[in-house]
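Going by the numbering used here, the letters in the sequence shown line up with residues 1 to 251, in that order. Data block below; observations after.
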Amino acid sequence: MRKNIVAGNWKMNNNLQEGIALATDLQAALQGKTLQCDVIIGTPFIHLATVAGTIDPRLIGVAAQNCADRASGAFTGEVSAAMVASTGAKYVILGHSERRTYYGETNAILKEKVLLALANDLTPIFCIGEVLDERNAGKHFDVVEKQVAEGLFGLSPADFAKIVIAYEPVWAIGTGKTATTEQAQEMHAFIRKIIAEKYGQSLADGVSILYGGSCNAGNAKELFANPDVDGGLIGGASLSVEKFLPIVEAF
Ligand code: PEP
Numbered sequence: 001m002r003k004n005i006v007a008g009n010w011k012m013n014n015n016l017q018e019g020i021a022l023a024t025d026l027q028a029a030l031q032g033k034t035l036q037c038d039v040i041i042g043t044p045f046i047h048l049a050t051v052a053g054t055i056d057p058r059l060i061g062v063a064a065q066n067c068a069d070r071a072s073g074a075f076t077g078e079v080s081a082a083m084v085a086s087t088g089a090k091y092v093i094l095g096h097s098e099r100r101t102y103y104g105e106t107n108a109i110l111k112e113k114v115l116l117a118l119a120n121d122l123t124p125i126f127c128i129g130e131v132l133d134e135r136n137a138g139k140h141f142d143v144v145e146k147q148v149a150e151g152l153f154g155l156s157p158a159d160f161a162k163i164v165i166a167y168e169p170v171w172a173i174g175t176g177k178t179a180t181t182e183q184a185q186e187m188h189a190f191i192r193k194i195i196a197e198k199y200g201q202s203l204a205d206g207v208s209i210l211y212g213g214s215c216n217a218g219n220a221k222e223l224f225a226n227p228d229v230d231g232g233l234i235g236g237a238s239l240s241v242e243k244f245l246p247i248v249e250a251f
């Protein structure tokens with residue numbers, strides 16, 4: 001079922017106490033409001049269990065920002081999808097451009113992570129998007145199609161229907177440069193079209209496709225008004241209730 005979603009990605013910010021305070025303050029700000037979207041926060045691993053145990057899951061869903069591409073075993077420093085699920089988190093952000101760029105995550109690795117997330121009843125928020133050179137060279141549709149096809153098109157229709165996609169043009173992440181509403185809609189419609197070609201229109205119509213990249217209180221309403229933009233993945237602006245709440249309320 002297609003849903004409107006606003007998901008925060010805290011990245012590597014906030015110690016445990018600060019994270020608990022931010023989650024608690026956000027919950028207090030959302031309490032009693034009638035929202036037109038689901039709200040998710042993506043916290044560092046060490047926050048997951050405490051934050052998930054503190055907040056009301058009916059108000060805020062909790063996401064990890066990554067999980068391992070192996071189920072268990074001698075992989076020092078890694079955190080498995082099963083471990084994430086055991087904290088009470090229900091989502092996992094996978095394939096964020098920072099993971100792809102700094103930690104060498106390929107579509108093949110991400111495919112394994114998606115399967116493990118699904119096997120542990122986590123909803124993957126699967127990030128895709130082109131870098132500036134690719135857009136300038138007119139290759140952005142090809143890049144995005146390859147990321148979707150290689151990362152996700154091995155899934156059964158039933159599993160694909162559980163995926164949330166986040167289109168995040170890399171040149172817009174943390175740069176203050178947002179895709180225009182036309183650029184966002186054009187790419188979201190393209191993503192939905194390739195999903196429809198693979199899995200059929202009705203499944204494609206049910207997939208939530210979020211936009212990410214310098215989304216803020218000033219541009220969220222215009223971006224979310226596009227027919228194929230079902231919400232946002234929010235980095236910097238998710239680190240304060242003051243900045244995050246107006247984005248949630250943009251629906
Ligand atoms: C992100 O990291 O997913 C993101 C969209 O960051 P920002 O909102 O800061 O551009």
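C-beta atoms are modelled at their ideal positions from N, C-alpha and C, and glycine is treated no differently. No experiment lies behind these values; they were computed from the predicted model shown.
- In this structure, the CA atom of K177 is about 20 Å from the CA atom of D230.
- Relative to the non-hydrogen atoms of the ligand PEP, the Cβ of G231 never comes closer than 7 Å to any of them.
- Between the alpha carbons of N107 and K113 lies a distance of about 10 Å.
- The segment 126-134 and the segment 73-85 do not touch, with fewer than three beta-carbon pairs separated by less than 8 Å.
- Secondary structure note for N4: it is in no beta strand (DSSP E), with a DSSP letter that is neither H nor E.
- In the displayed model, L35 falls within coil according to three-state DSSP, outside both helix and strand.
- Under DSSP, A74 shares a beta bridge with no residue.
- Using a Cβ distance threshold of 8 Å, L48 and V39 do not count as a contacting pair.
- One Cα belongs to R99, the other to Q201, and the distance between them is close to 31 Å.
- Secondary structure at V79: coil, using DSSP grouped into helix, strand and coil.
- Of G218, L223, A64, the smallest CA-CA separation from E242 is found for G218.
- Taking 7 Å as the cut-off, the C-beta of E182 does not count as close to any heavy atom of the ligand PEP.
- G212 places its beta carbon 8 Å or farther from that of L245.
- When C-alpha distances from F45 are compared across A117, E145, A250, V92, the shortest belongs to V92.
- Taken atom to atom, the span from the alpha-carbon of D121 to that of S238 is near 25 Å.
- For V114, there is no enclosing beta strand (DSSP E); the enclosing alpha helix (DSSP H) has its first and last residue at 107-119.
- Where Y102 is concerned, the enclosing alpha helix (DSSP H) starts and stops at 97-102.
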